[in-house]
Amino acid sequence: KQEVTQIPAALSVPEGENLVLNCSFTDSAIYNLQWFRQDPGKGLTSLLLIQSSQREQTSGRLNASLDKSSGRSTLYIAASQPGDSATYLCAVCHMEYGNKLVFGAGTILRVKS
Amino acid sequence: DVKVTQSSRYLVKRTGEKVFLECVQDMDHENMFWYRQDPGLGLRLIYFSYDVKMKEKGDIPEGYSVSREKKERFSLILESASTNQTSMYLCASREMGAHTEAFFGQGTRLTVV
């Protein structure tokens, strides 16, 4: 059974720092991995989608990498801002589960001004 | 931009009521999903649908049913609401194919009293 783990569970950093969020998964037979952002009481906003054949994707200050063989992905946020404060979730689309996503529990990020 | 719209942001219902949560997407996606999100338990898949009138159970279907009469609309039904169904409910959609990006609605916070 595919399991997705996110470390750390919570992170607090001063504004301007570069930071890395980690996501690991137990079974490398995935189609893709997706990073989401969730603000309190709101839905999920898609940040980046990495296909299994890709190594990384970039959008603005965000860069996500994928190492499928080791079952790991990282989300790098450059020059963090207070507006980046949110919960960040990763999810994998596992080959055995077809269209379904398996989510990690998330990392709660607080960027202090 | 893809838009997934959930009919209510907040709902308060009484125990035993029949509750309908509605979700509409505007991108002609084949796949639609209902999740619930609870502190400490993360996102759990309730039901999904890969075509009109087609549905499959997710990980926690008990106490729920779904309806997909039109491609753009996916309804979650709580047949007889109970207090343990108090939760955040999230709807998502994706195009057909495992390599596609998932998009979420803004969430419905349901409280059953």
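Residue numbers (this note's numbering), protein chains in the order written: chain A, 1 to 113; chain B, 1001 to 1113.
By construction, the Cβ of each residue, glycine as well, lies at the ideal position given by its N, Cα and C atoms.
- Residues Leu1110, Thr1111 and Val1112 of the same chain have their beta carbon placed closer than 8 Å to that of Thr1086/B, with the five preceding and five following residues left out of the count.
- Contact of Gln1085/B with chain A is not assigned, every C-beta pair being separated by 9 Å or more.
- Within the segment 1053-1112 of chain B, the complete beta strand (DSSP E) segments at least 3 residues long are 1054-1057, 1064-1070, 1073-1078, 1087-1094 and 1108-1112, listed from N- to C-terminus.
- A residue is called buried when at least 16 other Cβ atoms come within 10 angstroms of its Cβ; Phe1020/B does not meet this threshold and is exposed.
- Assignment of Asp1038/B by DSSP, reduced to helix, strand and coil, places it in the strand class.
- Within the segment 1101-1112 of chain B, contact with chain A at the beta-carbon level (separation under 8 Å) is assigned to Glu1101, Ala1102, Phe1103, Phe1104, Gly1105, Gln1106, Gly1107 and Arg1109.
- Taking the CA atoms as reference points, Val1012/B sits about 46 Å from Ser69/A.
- The continuous beta strand (DSSP E) containing Asn32/A extends over residues Ile30 to Gln38.
- In this structure Lys1057/B is exposed. Its beta-carbon is surrounded by fewer than 16 other beta-carbon atoms within 10 angstroms.
- In terms of beta-carbon proximity, Gln34/A lines the interface with chain B, with at least one pair separated by less than 9 Å.
- When 8 Å is used as the limit between beta carbons, Leu1090/B is near these residues of chain A: Gly43 and Leu44, in chain order.
- When the beta-carbon positions are compared, Glu17/A and Pro82/A stay at least 9 Å from each other.
- With respect to the 9 Å criterion, Ser46/A and Ala1102/B are classified as neighbours on the basis of their beta carbons.
- Chain-ordered, the chain B residues with CB closer than 7 Å to the CB of Cys93/A read Ala1098.
- Cys23/A is positioned such that its CB atom lies no closer than 9 Å to that of Arg55/A.
- In the three-state reduction of the DSSP assignment, Pro82/A falls in the helix class.
- Following the DSSP letters along the chain, one finds Ser65/A inside the beta strand (DSSP E) bounded by residues Leu62 to Asp67.
- Shown here, Glu1022/B sits in a strand according to DSSP, grouped into three states.
- Around Phe103/A, the beta-carbon contacts reaching into chain B at under 7 Å are Gly1042 and Leu1043.
- In terms of Cβ geometry, Tyr31/A and His1099/B form a close pair [threshold 9 Å].
- For Gln1025/B and Arg1073/B, the gap between their C-alpha atoms comes out near 7 Å.
- Residue environment analysis places Val20/A among the exposed positions, since fewer than 16 neighbouring C-beta atoms fall within 10 angstroms of its C-beta.
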